[in-house]
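From first to last, the protein sequence lines are chains Y and G. Quick note: the first sequence uses UniProt numbering, first residue 1, plus one each step. Quick note: the second sequence uses UniProt numbering, first residue 1, plus one each step. Note that the Cβ used here is the ideal one computed from N, Cα and C, for glycine as well. It should be emphasised that the depicted structure is a prediction, and the values quoted were computed from it without experimental measurement.
Number of protein chains: 2
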Amino acid sequence: MPINAQILDNPKAERVRRIAELTRSKGRERSGRFLIEGPQSVREAVTWRPDVVQDLYVEVTQALDHPRIISSTLERIVEVSQDATIYVHYCSGDVIRRISPDAQGILAVGNARAMHAEPDDITLGERAHVAAFWQVRDPGNAGTVIRAADAAGCDAVVFVDDCVDPLNPKVIRSTTGSLFHLPVLTMGTDAFFDWCSAHDMAVWAADVYGTAERAPESLPNVLADGEAVSSSKAVLFGNEARGLENGLLERCGRIVSIPLYGKAESLNLGTSAAVMLMSLAMRGYVASC
Amino acid sequence: MPINAQILDNPKAERVRRIAELTRSKGRERSGRFLIEGPQSVREAVTWRPDVVQDLYVEVTQALDHPRIISSTLERIVEVSQDATIYVHYCSGDVIRRISPDAQGILAVGNARAMHAEPDDITLGERAHVAAFWQVRDPGNAGTVIRAADAAGCDAVVFVDDCVDPLNPKVIRSTTGSLFHLPVLTMGTDAFFDWCSAHDMAVWAADVYGTAERAPESLPNVLADGEAVSSSKAVLFGNEARGLENGLLERCGRIVSIPLYGKAESLNLGTSAAVMLMSLAMRGYVASC
């Protein structure tokens, strides 16, 4: 762990400005790097994906003429990063806050290319479970669904068609570290269906309406079918406002809806994904016991 | 539907100031009234609880010398309110925005006392399902869990001990109307356990840790026990940061945890409540078929 002895304390420095630019997509595209904010995300990144983390920026105070990391939580994260070639930079609080108001004393800069996963890189087992999201646009939702897929033990997440950038800092924050726990792929619609077919994965649509020809099956009925639950599959969720287009629904093997028992009209995307993916995971667990 | 012909167009008027004060707890306590913001919440309030709505404030423009409601969505909400004694007030956009930036053209003022539910007011069936939350403090979480309980068809929600005010506008917005779909009670801890006992409801704790003496049971194992699932029960969730205290866990009949299959460390309170309550509802539905 090379530590830069000099403390970054000028919020107006060129280096600081360049890191702050990573909060915007233009800055990320130009530099091929991305920003990880806050203790939880940075800890998970250095623990699970030290290969993608290049630099760590941590807040220090000057005590007895030597710099001291502001909390033991942050000290432990820096310790974990020692095993990898991650450059640690001590910073003043002003510098950290200038880069991001959501840093809580610690930031990391990652290599976007190292983070990028190709479909061929993913090893899928005999009972693969993939969570796929078509045109998810809201960063908070995108993060929440990645976290739900992680909790449900999915093998991968696929962002299909025109989705929010998974390396958007708001997405990363909302995953609470899950972005570094499982591969997140981005694919076009046709490429997604081809990939599923090549891996013998059925595609199930999570949708409340279905098509004129095909009403959705209710999730509890689907859960009662143990064999279907434990077979290889990708569950595809639609856009937060518009759901899934008919053309997409027609390409899916099953259409499954979450029943609503009270008077609520809907569940939001994040909650729907958690209920659907966790139900399938729990049922698969019981079925395999 | 009495309509006040005069348009409220002075954002500095005393009446406007008093309504805006309902966004704060002091304003609500002083007046015994509360604020409902935005088309979705207002529509659900006038549809399901017209008895609690006193006044409707809707944005109009002046067209050909007579006021015109700014959208057909809002017009339909005003029509629904016609069946009840709700006073409709036409307002300028400035007045609506002065009261709340989250109004999207429509606001309602409700009677807090009429909204208040007493435990004895609630009729519980033979298979009662109640969702209870101990010391939930974040308004967004509180709203999300009320929405989840509604979707799962719970008979009531109970906020136990020191929780956020369910009539806080942020809570109401986050329920997306569910606050008006099912009773939301507030009780002290002892009163809650007494009430459950009086109604022969088991209390289950939703908790990942359990106590030193008692490890939690995993939700999928509990779901496999059809009889337990369909029995009368209240599921108690803990505070978003601290969970449930040992003393509370010891008073609960079962302790149930949601398994995590991937590397995610936790689910947030809203997601946990949705997964637990929806799983029980879906399993109960299959068990009763």
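| Query | Result |
| --- | --- |
| Presumed contact (8 Å Cβ cut-off) between residue 345/G and residue 7/G, rounded CB distance | Outside the modelled stretch of chain G, which goes from 1 to 289, sits residue 345/G, for which no answer is possible. |
| Where residue 250/Y falls, given that 16 or more other Cβ within 10 Å makes a residue buried | exposed |
| Segment contact flag, the region 172 to 192 of chain G with the region 214 to 228 of chain G, C-beta cutoff 8 Å, min 3 pairs | no |
| Reference residue 270/G, options 20/Y, 131/Y, 117/Y and 144/Y, closest by Cα | 144/Y |
| Which residues DSSP lists as bridging residue 4/G, in chain order | 89/G |
| Residue-level contact to chain Y via CB, residue 185/G, 8 Å cutoff | no |
| Proximity winner among 146/G, 35/G and 69/G, relative to residue 263/Y (alpha-carbon distances) | 146/G |
| Expected contact under 8 Å - CB spacing of residue 136/G and residue 158/G to nearest Å | Wrong, their Cβ atoms sit about 11 Å apart, outside the cutoff. |
| Of the residues 49/Y, 20/Y and 84/Y, the one placed nearest residue 182/Y, counting alpha carbons only | 49/Y |
| Any C-beta of chain G under 8 Å from that of residue 153/Y | yes |
| Inter-residue spacing [alpha-carbon to alpha-carbon] between residue 281/Y and residue 268/Y | 20 Å |
| Opposing strand residues paired with residue 133/G [DSSP bridges] | 159/G and 237/G |
| Three-state secondary structure (DSSP) of residue 119/G | helix |
| Given 8 Å, three or more beta-carbon pairs between the region 111 to 122 of chain Y and the region 87 to 101 of chain Y | no |
| Cβ neighbour criterion (16 or more within 10 Å) applied to residue 65/Y | exposed |
| Buried/exposed call for residue 5/Y, threshold 16 Cβ in 10 Å | exposed |
| Neighbourhood of residue 283/Y by C-beta distance below 6 Å, restricted to the same chain and skipping five residues each side | 223 and 229 |
| DSSP-derived helix/strand/coil call for residue 111/Y | strand |
| Cutoff 8 Å: residue 209/Y Cβ touching any chain G Cβ | no |
| Helix, strand or coil at residue 289/G according to DSSP, with G and I counted as helix | Low local confidence applies: a pLDDT of 49 at residue 289/G is under 50, so the model's placement there is unreliable, with the coordinate-based value given in what follows. Reduced to three states, the DSSP call for residue 289/G is coil. |
| Residues near residue 22/Y by beta carbon distance below 8 Å, same chain, minus five either side | 28, 31, 33, 34, 35, 109 and 169 |
| Alpha-carbon to alpha-carbon, residue 275/Y and residue 290/G | Residue 290/G is absent from the model: chain G starts at 1 and stops at 289. |
| Contiguous beta strand (DSSP E) assignments of at least 3 residues, all confined to the UniProt domain "tRNA/rRNA methyltransferase SpoU type" (132 to 277) of chain Y | 156 to 160, 184 to 187, 202 to 206, 233 to 237 and 254 to 257 |
| Cutoff 8 Å: residue 260/G Cβ touching any chain Y Cβ | yes |
| Near-chain G residues of the region 140 to 171 of chain Y - C-beta to any C-beta below 9 Å | 144, 147, 148, 149, 150, 151, 152, 153 and 154 |
| Cβ distance (whole Å) where residue 94/Y is taken to contact residue 11/Y below 8 Å | 5 Å |
| Chain Y residues whose Cβ lies nearer than 8 Å to that of residue 204/G | Within chain Y, no residue comes near residue 204/G; the closest Cβ sits about 16 Å away, beyond 8 Å. |
| Beta-carbon proximity check, residue 88/Y vs residue 43/Y, cutoff 8 Å | no |
| Nonlocal neighbours in the same chain, by C-beta distance under 8 Å from residue 112/Y, ignoring five residues either side | 28, 32, 33, 34 and 167 |
| Chain G contact for residue 248/Y (CB, 8 Å cutoff) | no |
| Cβ neighbours of residue 191/Y in the same chain (closer than 8 Å, five flanking residues each side left out) | 119 |
| Enclosing beta strand (DSSP E) for residue 78/Y [first to last residue] | Note, residue 78/Y: premise wrong, no beta strand (DSSP E); alpha helix (DSSP H) at 72 to 81. |
| Pairwise C-alpha distance: residue 46/Y and residue 160/Y | 27 Å |
| For residue 279/G, the three-state DSSP class (helix, strand or coil) | helix |
| Where residue 21/G falls: helix, strand or coil (DSSP) | helix |
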